[in-house]
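Residue 94 is where the sequence shown starts when you use my numbering, and the numbers rise one by one after that. In what follows, a structure is listed as structure tokens, so that the remarks can point back to it.
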Amino acid sequence: MISFSAGIHHCLGARLATATLQIALDKLLSSFPNLTITGLDDLRWHRRHSLRGVASLMADY
Numbered sequence: 094m095i096s097f098s099a100g101i102h103h104c105l106g107a108r109l110a111t112a113t114l115q116i117a118l119d120k121l122l123s124s125f126p127n128l129t130i131t132g133l134d135d136l137r138w139h140r141r142h143s144l145r146g147v148a149s150l151m152a153d154y
């Protein structure tokens with residue numbers, strides 16, 4: 094999930110960024126149909142107050 098804030102501080106590029114991410118993920122998954130996420134038990138999360146996400150995500154294809 095990507096956060097773009099809300100209200101008066103809502104990001105003007107949120108729709109474009111979301112659409113671009115959707116296209117990129119669709120292309121990635123269609124190019125690598127056997128893609129699987131690995132190492133879910135060893136995920137390391139970013140430790141930033143304003144950002145929530147994994148530091149790295151391992152995959153096999």
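Glycine residues also receive a C-beta, built at the ideal position from the N, C-alpha and C atoms.
Ignore the nearest five residues each way along the sequence and tell me which others in Ala147's own chain have a CB closer than 8 angstroms to its CB.
Sequence inspection shows Val at residue 147; the Ala mentioned does not correspond to that position. Leu136, Arg137, Trp138 and His139, listed in sequence order.
Roughly how many angstroms separate the alpha carbons of Asp134 and Asp153, rounded to a whole number?
15 angstroms
Please list, in chain order, all residues of the same chain as His103 whose beta carbon is under 7 angstroms from its beta carbon, the five residues on each side excluded.
Phe97
Within the same chain, show all residues whose beta-carbon is closer than 7 angstroms to that of Gly150, passing over the 5 residues directly before and after it, in chain order.
First, the amino acid is wrong: residue 150 is Leu here, not Gly. If we look at Leu150 and ignore the five residues flanking it on each side, its Cβ neighbours are Ile130.
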